[in-house]
Structures are given as C-alpha cells and as structure tokens.
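A quick write-up on the structure given underneath.
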Amino acid sequence: MCANKKSSAYEPLNENGAITLAKKLQLFEESSQLTCNEIGDGNLNLVFKVKNIESGESIIIKQALPYAKVVGESWPLTLDRSRIETNALLKQAEFVPQYVPKVFYSDEALAITIMEDLSHLQIARASLIEGNDLPLLSHHIGEFLAKTLFYTSDYGLNQHYKKTLVKQFINPDLCKITEDLVFTDPFFNHDTNDYEQELQQDVEKIWEDQTLKLETAKLKQLFLTKAEALVHGDLHTGSIFADENETKVIDPEFAYFGPIGFDVGQVFANLLFNVLARNPEHQDVIYNHIETTWDVFVTEFSNAWNKDALEIFAKVDGYLEHVLTQIFEEAVGFAGCEIIRRTIGLAHVADLDTIEPFERRIATKQIALSLGSELIKNRKSITSPQQFKEYIKQTAVSVN
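Structure below.
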C-alpha cells in the first residue's frame, strides 16, 4: 500500500534525515538499528539506501532536487517530477507489477518516493558491458512495453479516462530536457554538446545535413504532439535492474503521454550501444535481444488488442498491422536520435565511453553517428528487426 502525503516545506534530505524519516514512518521495527548511505549517481536526484543492520532488510528513499544535479542550481527543475515518477510506477504496476519496484510511500511537497530496494540486481547497462547475456531481459522488456503502452492508450482505455490521465502526466520541464538534448542540440552547434575533438568532422557533417535535420524535425514533432500512451520517457539500459531471472524498470520521472515508438526506440538504441561496444563474435546475443524485444512486444500487444481493445475500429482487418508498422518505423527513427544524442550530446553512455583503446572508441563513435543518421533518414525502409540488424552491420562496414 502506498501512502501519499503533502508536507508543508521542502528541504533536501541527508543520511541522518533519511534514517529519521524511515523511523517516523515506522518502515522498520521500532528497535531496529539503521544505517544509511547515499548511493545516487544519477543526474537529477538524491538516492539513499536505509538498511536494518540485523535483518539486512532495506529500502530506497529517492528525493528530487529543485535543480539538475548533474549541472547544479543554474539549471532549475520542478519538484513535480517526483509526483510524476510515483504515479507512473503505480500505474505501471497495475499492468506489470513484476517489472517495477514496489512503492511504499510518497510525499509530494518533499518530493520523496520510498520504494523497494533492488540491490540484489545489477543495472542492465553495467551487466551487459561486463559481458553478461541477461537471457530474459528482452522477454521481460518486450512484455513491459506492450502492456504499459497498450493499456494506457486509446486502444485499451476509455477515451475520456485516458484524457484525464494525460492531464495528470503533463511533464513540461522534463519533456523540455528531452526536446533539447535528444531532438535539437546535437543537430546544431550548441554549447551543451560534448564530444572528442577527433569527431569534429563527423559532427559538422550532421550539422550540415539538411535532410537529416528535416527528418529529425518530423520526429521531434511527433514527440511534442502525439499523446498516444503513457511512455516511460527515459527507458535506457541504465534505467533497468536485471539478473538472469528478474527485471525491474526504474526512474520513470520523464513519463508523459507520448508516442509508443519512443520507448521502443530508446530500448533499441541502448541495446545497439552495447552491440557496437562488443567484439563481433559477441554481438549476436544483443542483436537477438533487439529482435526478441520486438517479437515479444508484438505478441503481447496483439494479445491485449484482441482481448481488451475498446476502440471499435480494432476489429477492422489491417488496423493492428498498421499500428504496429507505424510504431516500428517511429522506433527506428527515435533510436537514431538517441544514438546521436548519447554520442555527442550532454549525457553519454558507458558502453561507448569506456571502449579502449582510444582509437577504437573514436572509430566506434563514428560508426554510431553514421548509423544514427541513417536510421533517422531511412526509417521508412527498415521494416523488421532482421532488416534492422543487416542495416547496422552494413553501416559499420561502410564506415570502417
């Protein structure tokens, strides 16, 4: 059961304050000896792990800061994103409770969410970089995507209720971050961009490519206007905890009603980073994850459509196929934007930035930039995961 409260005044927590809060809320036995460590390494928030020394039982206390932690107070942000995150987790739990952390308590005014500790799992990005296969990751993520997106869309929701949900998840501050950092800044000479000098020629090629800019503008417009379903909004492999048997999706503070293909494309792109970072003999397992994610998504989305669709046109032959084709096309384009953004924009990924030696890192990033551009421009001609895989391989060979 999640208790929601509105306190009177905001102030940032510290480790002692987190322990005090846990005791006040009686989240542990009264006699428990508690320890607390700040474990947050993200860009926007404080994260504390509070643990009972004797039993080992632990919880996570997450608090939004009124600014972007990665930049500082010069980049103010609304605390309302904490409410968005809590409500998104609770909404997702209605459909796939097995894939999200349990929420125990939230406080809108203090911008606090207290949830299940997932320390027994590892961040998927780190695990994949270490070479782990995570055999069930794509099955779980495909199901997570299909059910959370179908059941918050006009296909699976009463339209009136869906529109009330859209209002609850208006998220202008964090959407603005995505609009700028994913769809705008990397395609222009902007001071938020961050890349190695050796990539200057490749970056300028992107800035000068008017066809690329036109197609990116179309994708940005979809992100701005297509309120299709409640998307996670930041579904990369750093927002997923996993091991060989279990998967949990975290951090939906960017959630809003947007295009279904955006979440799917984010997953594709972040798996592709791991493909590019691996030696060729170890890439197929990640290609298979991309294919399986889509196949499971299609199966689960189709099952939900056939069983629970409320839209009267859902029974019209060809409509489901049209929707799935459109989702895949948009996902490919959004993946291209994410690839470019994570290579030369403000927030990078460890998959690429930890490649050694340096010369191979630069060569891989050149492939990433070329691939991202091609996916954006040619998304309409890539219609299946198998074709997606071949396109990636061809791009890598042509750049090399």
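Residue 1522, in the working numbering, is where the sequence shown stops; the numbers in between run on with no holes. Yeah, the Cβ is synthetic: ideal placement off N, Cα and C, and Gly gets one too.
Pick from L1493, D1295, L1250, G1458 that is closest to Y1189, judged by C-alpha positions: D1295
Reduced DSSP category for N1174 - H, G, I as helix; E, B as strand; rest coil: strand
P1134 burial status per 10 Å Cβ neighbour count (16 or more: buried): exposed
Contact check, I1498 vs L1341, beta carbons under 8 Å: yes
Three CB pairs or more closer than 8 Å across the region 1237–1246 and the region 1274–1284: no
Test item: CB-CB of I1461 and L1394 under 8 Å: yes
Residue environment, Q1214, which counts as buried when at least 16 other CB atoms sit within 10 Å: buried
Secondary structure of E1216, DSSP reduced to three states: coil
Other residues of its chain near G1458: CB distance less than 6 Å, five sequence neighbours each side excluded: G1494, L1497, I1498
Nearest-angstrom Cα separation, counted from E1375 out to H1354: 8 Å
Nearest neighbour of F1310, chosen from R1463, F1419, R1482, K1145 [CA to CA]: R1463
Contact check, E1179 vs V1169, beta carbons under 8 Å: no
Among V1445, A1472, I1484, S1503, nearest to L1271 - alpha-carbon criterion: V1445
D1229 - containing beta strand (DSSP E), residue span: 1225–1229
Segment limits, beta strand (DSSP E) that includes I1182: 1180–1186
Buried versus exposed, by CB contacts within 10 Å (16 or more), I1206: buried
Integer-rounded CB distance, given that I1449 should sit under 8 Å from V1386: 6 Å
V1471 (DSSP reduced to helix, strand or coil): coil
contact_flag[the region 1258–1272, the region 1415–1435] where n(CB pairs < 8 Å) is 3 or more: yes
Q1244 - partner residues in DSSP beta bridges: A1364
Same chain, Cβ closer than 6 Å to T1200, neighbours up to 5 away in sequence not counted: D1295
Whole-number beta carbon distance between H1262 and Y1227, since they are thought to touch under 8 Å: That belief does not hold up - the Cβ atoms of Y1227 and H1262 are roughly 26 Å apart, past 8 Å.
Under 8 Å between C-beta atoms of L1491 and D1316: no
Cβ-based burial, T1447 [other Cβ within 10 Å; buried from 16]: exposed
Same chain, Cβ closer than 6 Å to C1158, five either side skipped, listed in chain order: E1137, A1140, I1141, F1170, V1172
Neighbourhood of L1472 by C-beta, 7 Å cutoff - its chain only, sequence neighbours within 5 removed: The sequence given here has Ala at residue 1472, not Leu. Answer for A1472: R1247, I1251, listed in chain order.
Span separating the alpha-carbon of L1232 from that of G1162: 17 Å
Whole-angstrom distance between Y1513 and I1181, CA atom to CA atom: 44 Å
S1177 classed as buried or exposed, judged by whether at least 16 other C-beta atoms fall within 10 angstroms: exposed
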